[in-house]
Amino acid sequence: MFSGIVEEKGVVKNIVHNKNLAVVTIKAKAVTKDTKAGDSIAVDGVCLTVTKKVKDELSFDVMLETLRCTTLGLVKKGSRVNLERALKVNDRISGHFVSGHVDCMANLNKIVLMKNYVELQISIPQGQGIYIVPKGSICVNGVSLTVGEVKKEQFSVYLIPFTLDVTNLGLVKENDKINLETDILAKYLFKQTQEAKSPYSFSKSKK
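Going by my numbering, 1240 is the number at position 133 of the sequence shown; the sequence numbering is gapless.
Right, dumping it as structure tokens:
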């Protein structure tokens, strides 16, 4: 479990492509502290397991499904990726509950730049619109953000200078692919309301 508060940008140092699997090695600083093999790290919002640690480099096995469904299938040597260690039980949750299970990739349609203003307009992938609401939470490349304006086919998020500096959202370009994880609480709420409507719902009392 994560909070979507990115700790640093790591640099992809090496990618080894095997059959149905890629081994990705990332150079970092902050997240390597007290990290060992078996720990979970969110890489651009994707929960991965550390398989090897050598000094300031962490290696991860990325399976075929993850390569297909997330931007980790698009990264190259030198790519900058957002990194966050898993939450501790006694940590403050400054963002929102993030599972690290990316729902899909989305297209970055437009970047609106004005003085002290950065807006990302992001496409809404099919089936995800029911979980995206104004002032709700969304995780973009592992970054916990608040949803702004929502239209039929796209939504907006707004970035402060700190987010642009600390995360790779300051490096994205129009038409780039980005990882999306919608709010897990919204998913559970939707499921419960759907089950409540079902005539076969066990929550309804028998007459």
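Don't be surprised by glycine CBs; every beta carbon is placed ideally from N, CA and C.
Predicted model, so just to flag it, every value in this text is computed and none were measured.
Report back the beta-carbon spacing between residue i and residue j to the nearest angstrom; my notes put them in contact at under 8 Å.
{"i": "valine 1188", "j": "glycine 1117", "result": "5 Å"}
{"i": "serine 1263", "j": "leucine 1227", "result": "7 Å"}
{"i": "glutamate 1114", "j": "isoleucine 1133", "result": "13 Å between Cβ atoms; not a contact."}
{"i": "lysine 1143", "j": "lysine 1162", "result": "Rounded, the Cβ-Cβ distance is 13 Å, inconsistent with contact."}
So for residue i, helix, strand or coil by DSSP?
{"i": "phenylalanine 1204", "result": "coil"}
{"i": "leucine 1181", "result": "coil"}
{"i": "valine 1119", "result": "strand"}
{"i": "glutamine 1233", "result": "coil"}
{"i": "asparagine 1275", "result": "helix"}
Would you kindly work out how many angstroms separate the C-alpha atoms of residue i and residue j, rounded to a whole number?
{"i": "valine 1131", "j": "leucine 1190", "result": "13 Å"}
{"i": "isoleucine 1148", "j": "glutamate 1256", "result": "30 Å"}
{"i": "valine 1150", "j": "lysine 1222", "result": "30 Å"}
{"i": "cysteine 1154", "j": "asparagine 1282", "result": "24 Å"}
{"i": "leucine 1278", "j": "lysine 1304", "result": "44 Å"}
{"i": "leucine 1266", "j": "valine 1225", "result": "5 Å"}
Pull the bridge partners of residue i from the DSSP assignment, please.
{"i": "glutamate 1191", "result": "Ala1149"}
{"i": "leucine 1165", "result": "Ile1133 and Lys1160"}
{"i": "cysteine 1211", "result": "Leu1287"}
{"i": "phenylalanine 1262", "result": "Ile1229 and Val1257"}
{"i": "leucine 1376", "result": "Lying before the first or after the last residue shown, residue 1376 is absent from the chain, which here runs from 1108 to 1314."}
{"i": "isoleucine 1347", "result": "Residue coverage of the chain in this structure runs from 1108 to 1314, which leaves residue 1347 outside it and unanswerable."}
Segment contact, 8 Å Cβ cut-off, at least three pairs: the region 1229-1240 with the region 1164-1176: Contact annotation: the region 1229-1240 does not touch the region 1164-1176, with fewer than three C-beta pairs closer than 8 Å.
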